[in-house]
Amino acid sequence: MPILTNEQGWVLETRTTGYALGLNEVGLLTHRYWGLRLAQLDDYPPAPSPSGWASFNNAAQRTPEEYPGYEDMKFVDACIKVTFADGVRGTVLRYDSYELDERDAPELRIHLRDTAYPLRLTLHYRVHAAYDLI
566 MPILTNEQGW VLETRTTGYA LGLNEVGLLT HRYWGLRLAQ LDDYPPAPSP SGWASFNNAA
626 QRTPEEYPGY EDMKFVDACI KVTFADGVRG TVLRYDSYEL DERDAPELRI HLRDTAYPLR
686 LTLHYRVHAA YDLI
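Remember, this note's numbering sits 565 above the position in the sequence shown when you count from 1.
1. Could you tell me which residues DSSP pairs with valine 576 in its beta bridges?
2. For proline 633, which residues of its own chain have a beta-carbon under 8 Å away from its beta-carbon, when the five flanking residues on both sides are left out?
3. Give the range of the beta strand (DSSP E) segment to which histidine 689 is assigned.
4. Using 10 angstroms around the beta-carbon of threonine 687, count the other beta-carbons present and answer buried if the total reaches 16, otherwise exposed.
5. Have a look at the DSSP bridge pairing and note the partners of isoleucine 645.
6. Quick check: the region 567-576 against the region 669-687, are there 3 or more CB pairs under 8 Å?
7. Mind checking which residues open and close the beta strand (DSSP E) that includes threonine 680?
8. Closest by CA to alanine 695, which one among Gly574, Thr582, Gln573 and Val576?
9. Under the rule that 16 or more other beta-carbon atoms within 10 Å means buried, what is tryptophan 599, buried or exposed?
10. Any idea if leucine 677 is buried or exposed, counting beta-carbon neighbours within 10 angstroms, 16 or more meaning buried?
11. Use the C-beta contact count for alanine 650: other C-beta atoms within 10 angstroms, 16 or more gives buried, fewer gives exposed.
12. Alpha carbon to alpha carbon, how far is histidine 693 from aspartate 669? Give it in angstroms, no decimals.
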């Protein structure tokens with residue numbers, strides 16, 4: 566199966582490539598690995614932990630998020646910027662749920678939601694085995 570799950574998150578595999586993402590202990594969807602396919606599912610690293618950093622850094626600033634929103638104290642470009650009706654421009658995106666679809670091209674859908682506003686979005690990951698492509 567090209568899309569694998571375990572307690573660490575999800576791994577998408579092709580003939581030669583592995584791509585891993587997961588939730589860390591503060592609930593952020595993080596990038597875990599991208600490179601050569603590893604032999605065992607447990608060989609992929611866990612989600613990066615924000616612990617061990619200075620107390621004045623927030624977790625989102627220190628974590629390689631898979632899809633960062635536009636919120637305070639981040640020094641990376643946001644993947645999405647919106648302005649809500651009340652003028653607020655920040656998006657605090659957190660994991661909500663996921664779905665797996667194993668038909669034609671296996672697909673992982675990860676649903677994110679904003680913590681304060683009715684904004685929801687879905688990340689789509691497809692594995693095209695015939696082309697060794699994620």
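Every residue, glycine too, gets a C-beta built ideally from N, C-alpha and C.
Concretely, from the data shown:
1. Leu569 and Ala585
2. Ala625, Lys639, Val641, Asp642, Ala643, Cys644 and Leu658
3. 685-691
4. exposed
5. DSSP, once it has assigned bridges, lists no residue as partnering isoleucine 645.
6. yes
7. From DSSP, threonine 680 is part of no beta strand (DSSP E); its letter is neither H nor E.
8. Thr582
9. exposed
10. buried
11. exposed
12. 9 Å
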